[in-house]
Amino acid sequence: MQNDYVEQLTKVGKTSFASLQKLGAINTKALQKLMDLQFKYASFNIETGIEQTKLLTSTTNYKDYLSAESEIAGECSTKAIDFTKQAASIMSNSCDEIVSWLEKGFESAEVNVKAPVKRIPKKSTVT
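The numbering used here numbers the first residue of the sequence shown as 1 and each following residue consecutively.
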């Protein structure tokens with residue numbers, strides 16, 4: 001009877017470990033996508049800074065400068081919105097994957113809870 005108990009605990013341990021590995025994979029994938037997006041955003045900001053510096057050093061007419069700066073600012077706003085949408089999409093997809101992972105975990109737990117429990121017979125207390 002004790003072997004059944006140990007086997008059941010071993011099964012639960014293996015299932016829990018596999019489940020946590022899946023959660024780790026979901027989180028790792030989301031983090032990789034977010035880091036890639038963050039790198040792209042940082043690169044864009046550096047390129048924009050270089051573009052603004054070139055503009056500042058090459059433009060002599062302030063009206064041309066303000067017009068070009070306005071164009072750059074519009075580009076930055078558009079890119080920022082795009083990056084924000086991409087980040088929200090990554091988080092939403094990750095959330096969907098975690099919800100699916102949780103649902104599978106609850107189904108598995110429900111099956112284990114409803115499984116019949118074998119009772120260990122009490123030892124007689126005859127002295």
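All residues carry an ideal CB built from backbone N, CA and C; glycine is no exception.
Cα-Cα separation between residue i and residue j, rounded to whole angstroms
i	j	result
alanine 46	threonine 53	In the sequence on display, residue 46 carries isoleucine and not alanine. Rounded to the nearest angstrom, the two C-alpha atoms are 11 Å apart.
serine 19	asparagine 3	24 Å
alanine 68	threonine 28	40 Å
alanine 42	aspartate 82	14 Å
lysine 14	leucine 23	14 Å
serine 77	aspartate 96	29 Å
lysine 79	glutamine 86	10 Å
valine 6	serine 16	15 Å
lysine 40	glutamate 51	16 Å
leucine 37	serine 94	15 Å
leucine 9	phenylalanine 44	52 Å
The alpha helix (DSSP H) enclosing residue i, as first and last residue numbers
i	result
threonine 57	2 to 58
Residue closest to residue i, alpha-carbon to alpha-carbon, out of the options
i	options	result
serine 100	Lys63, Tyr65, Thr84, Ile26	Ile26
Evaluate contact between the segment 103 to 111 and the segment 59 to 77, counting only Cβ atoms and requiring at least three cross-stretch pairs below 8 Å. Cβ pair count under 8 Å is below three, so no.
Assess, as a yes-or-no matter, whether the segment 78 to 94 is touched by the segment 29 to 36 under the definition of 3 or more beta carbon pairs within less than 8 Å. Flag = yes, the segment 29 to 36 and the segment 78 to 94 touch.
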